[in-house]
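In the UniProt record's numbering, the protein residues as written are 180 to 404.
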Ligand code: CTP
Ligand code: CA
């Protein structure tokens, strides 16, 4: 796989990657989010860049720095991430959705800080748009790759998402395994596409990103002929 990078496997291609969590405002000082570090998506961005692609990262709020020579669009909410994604579809060959998008947001974000009053309070949440499914259903549909974070029946749920969201490939990881996943520097995944699948044993997110970019590029080239 190493020499694939030297030969510019993705030369001339535009790759867009979503990464990190989203933040869904409750009021001006509070939000709903998750523990996504952005490390996997950022590692894929660096690997795609090394393979010769022009890369845009659409990132939720993360601590890690943007890779060099990668365009970075900073977003906050799921709806921001969707808007930024759709705006890039005119020049996107491969879309990789590594972000941990919040599934729900507060129905309304209060304009002023909510004051403490009763002993309990309720927040009404509404479903967010699905960024990767919207991209895959668009008339400018790029080659579309999703991720699936599962805690059980990984293959069943991942294949279901592959079909339901009309993805070309899906990268599934078992987030019930404590030593890998969200905040870890390591990951182990299984990639599903068409009738096939390939598993990658635990390794660094950097090494895994190179494997994934190699596999995605190979599949992408097959669909172009
Ligand atoms: N995704 C997205 N927009 C959302 C939710 C998810 O683009 N609003 C994308 C993620 O970036 C990932 C894939 O969809 O590539 C699967 O995310 P996941 O959370 O595993 O699946 P969901 O469809 O949200 O289903 P659930 O959380 O119920 O398992
Ligand atoms: Ca989800």
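Note that beta-carbon positions come from the ideal geometry of N, C-alpha and C, so glycine has one too.
Grouping DSSP H, G and I as helix and E and B as strand, with all else coil, what is residue 359?
coil
For residue 375, list the residues DSSP reports as bridge partners.
372
Indicate whether the contact test is met: 3 or more Cβ pairs, each with one atom in the segment 232 to 242 and one in the segment 251 to 258, closer than 8 angstroms.
yes
So, with DSSP's three-state summary, where would you put residue 295?
coil
Under 7 angstroms between the Cβ atoms of residue 260 and residue 384?
no
Sort out for me which residues DSSP pairs residue 283 with in a bridge.
306
Ordered along the chain, which non-local residues of its own chain (more than five positions away) have a Cβ less than 6 angstroms from that of residue 234?
194, 224, 227, 228, 249
Nearer than 6 angstroms: is that true of the beta carbon of residue 332 relative to any heavy atom of ligand 2?
no
Heavy atom of ligand 2 within 6 angstroms of residue 309 beta-carbon
no
For residue 220, report the span of its alpha helix (DSSP H) as first-last.
218 to 229
Can you list the beta strand (DSSP E) stretches of 3 or more residues lying completely in the segment 328 to 354, in chain order?
348 to 353
Alpha-carbon spacing of residue 325 relative to residue 346, whole angstroms:
7 angstroms
Look up residue 325 in the DSSP assignment and say whether it is helix, strand or coil.
strand
Beta carbon of residue 399, beta carbon of residue 274: below 7 angstroms?
no
With a threshold of 6 angstroms on Cβ separation, who are the neighbours of residue 303 within its own chain once the five nearest residues in sequence on each side are excluded?
286
Mapping the DSSP letters down to three states, classify residue 395 as helix, strand or coil.
helix
Could you give the residue range of the beta strand (DSSP E) that holds residue 266?
Unbroken run through residue 266 is the alpha helix (DSSP H), 257 to 266; no beta strand (DSSP E).
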